[in-house]
Each structure stands twice: as C-alpha cells, then as structure tokens.
Amino acid sequence: MSNHNNITGNQKPELDNYIEAYSTPEDNLLLELRRQTHLKILRPRMISGPVQGQLLTMLCRMIRPKTVLEIGTFTGYSAICIARGIEKDAVLHTIERDDELESFIRHYIRKAALENKIVLHIGDALDKINNLNVTFDLVFIDGDKREYPAYYQAVMKKMNPGSYILADNILWNGKVVDADLKNDDYTRGIIDFNEMVKNDPRTEQVIIPIRDGLMLIRMKD
Ligand SMILES: C[S@@+](CC[C@H](N)C(=O)[O-])C[C@H]1O[C@@H](n2cnc3c(N)ncnc32)[C@H](O)[C@@H]1O
Numbered sequence: 318m319s320n321h322n323n324i325t326g327n328q329k330p331e332l333d334n335y336i337e338a339y340s341t342p343e344d345n346l347l348l349e350l351r352r353q354t355h356l357k358i359l360r361p362r363m364i365s366g367p368v369q370g371q372l373l374t375m376l377c378r379m380i381r382p383k384t385v386l387e388i389g390t391f392t393g394y395s396a397i398c399i400a401r402g403i404e405k406d407a408v409l410h411t412i413e414r415d416d417e418l419e420s421f422i423r424h425y426i427r428k429a430a431l432e433n434k435i436v437l438h439i440g441d442a443l444d445k446i447n448n449l450n451v452t453f454d455l456v457f458i459d460g461d462k463r464e465y466p467a468y469y470q471a472v473m474k475k476m477n478p479g480s481y482i483l484a485d486n487i488l489w490n491g492k493v494v495d496a497d498l499k500n501d502d503y504t505r506g507i508i509d510f511n512e513m514v515k516n517d518p519r520t521e522q523v524i525i526p527i528r529d530g531l532m533l534i535r536m537k538d
C-alpha cells in the first residue's frame, strides 16, 4: 500500500509502536504473508502493514460494500484485509499488472479461504476496469502513482451513489508540499489527482494522515 512504513508521518517513532500495540494485531496468516513478501518479493515495503490493514477491514465493516475494486493487489495483504471486512455475499475485484505475483497472491487467497469473495484480475487496471461490467460501492486505489488521475476518471464512471473511493499515498512522503521535489512524474500524478478530487463537485473528501496519507472520497447522493 505504501512505500513508507511509518504510521504517523513526522511524529515520534515510539508512537508507531504504540499505535500498533493498541490496534488489533494481524493474525498468523497475514504475518506469514508479510514475512514471505519481505523474503521473496521485490520492493516489499509497498505492502500494507497491520494498522492500515486493520483500518481497511474496519472501513469495510462500516461501509458494508457489496462490490469493491482494488487497483494494485501486490502480494494480497490489503485484498485479504478488505475481503475479511465485507459481508458473505460481497465481492472484491482486485487488479494486479505484474503476472509474476499471481501464484503468490492465489496461494494466500486460498490459504485465507477467500476464493469466494476475491476475484483476482491479472492485467492493466485501466483495461480491466473498462471491461468490467460492475459498478462499485468502494474502490481502493493503490497502483502506479503516475496513473492516479486516469484511475480516477475510469472509476468515476462506475461509482454507485453514496459510494466511496480510498486512495493511498496521497501525501507521497511529503513531496506534495515540497516545491523542489514536485516535478517527478510520480509526485505530479499524485498532485494532479488531489487537485482533481478537490475540484470535483460530485464528491466530498477528507485526508486521513495515516502512513503516507489516505484520501477518503464520498460520492454525493
Ligand atoms: C503499492 S503496491 C500495492 C500494495 C497492496 N495494495 C497492499 O496494500 O499490500 C502497487 C501495486 O500496483 C501494481 N500496479 C501498478 N500499476 C498497475 C496497473 N496499471 N494495473 C494494475 N496493477 C498495477 C504494481 O505492480 C504493484 O504490485
């Protein structure tokens, strides 16, 4: 989910341990998935940690979405957290571009006994979204930061009234407010996305400053 494992941004590092200690911990399956990601997969720091994972589960319990979309499965940590938070008859469609991750992801979906709730799509999110004949109650955007504006435009055509989008990394390690660092494609993608949401009269939104920043966006009815 994030390239940055720090939960509280600039606050004291001990607070991260405190937050983790007082949040419901991950179970053995997620712990194993996280360890195996660190042992076997490149760029393991992209994985969601226990606190953000628990937040995703909780938000799903609160929103009670029937159809969910995730852009950027990586090794499946956030997908499992989302699937555990949704109801029995609800479905998560999760899209991952890197086909080398497929067997790892499927192994853990099976191990978590979530095959009935998670539909894994291997391929490019922008193609897959356009071809999916589904509308969404919740979308979790966590793919390529340069593509955030394109993801937003693609999913906005498929959001149900009163539905939500959660977008990760929208503070991009603080670069969104650092004039000297604004010009790389990744930062530009995030900044353009944030502006697009801010100026969209169809939505209301709030930034949750957990880890690298989560934007919670709601479609007005
Ligand atoms: C930050 S990681 C996702 C982390 C995961 N959601 C989690 O919380 O554990 C981003 C993932 O998005 C994938 N990705 C990037 N661009 C994509 C695209 N256009 N379509 C599908 N997946 C994409 C990358 O291959 C990578 O695995």
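318 is the number of the first residue of the sequence shown in the working numbering; add one for each residue after it. Think of the CB as a built atom: it goes at the ideal place given N, C-alpha and C, for glycine as much as any other residue.
Ranked by Cα distance from Val456, the first of Asp416, Leu373 and Gly506 is Leu373. If you compare the alpha carbons of Ala338, Glu413 and Gly402 with that of Gly440, the shortest gap goes to Glu413.
DSSP lists Glu413 as the beta-bridge partner residues of Ile439. For Lys383, the closest of Phe453, Glu512 and Ile446 by C-alpha to C-alpha distance is Phe453. Three or more Cβ pairs closer than 8 angstroms define a contact, and the stretch 501-510 falls short of that threshold against the stretch 333-345. Residue range Pro367 to Ile380 is occupied by the alpha helix (DSSP H) that includes Met379. In the DSSP assignment, Tyr481 forms a beta bridge with Leu455 and Arg535. Distance between Phe510 and Arg427, taken at the CA atoms: about 34 angstroms.
Residue environment: Met363 is assigned as buried (16 or more neighbouring CB atoms within 10 Å of its CB, all protein chains considered).
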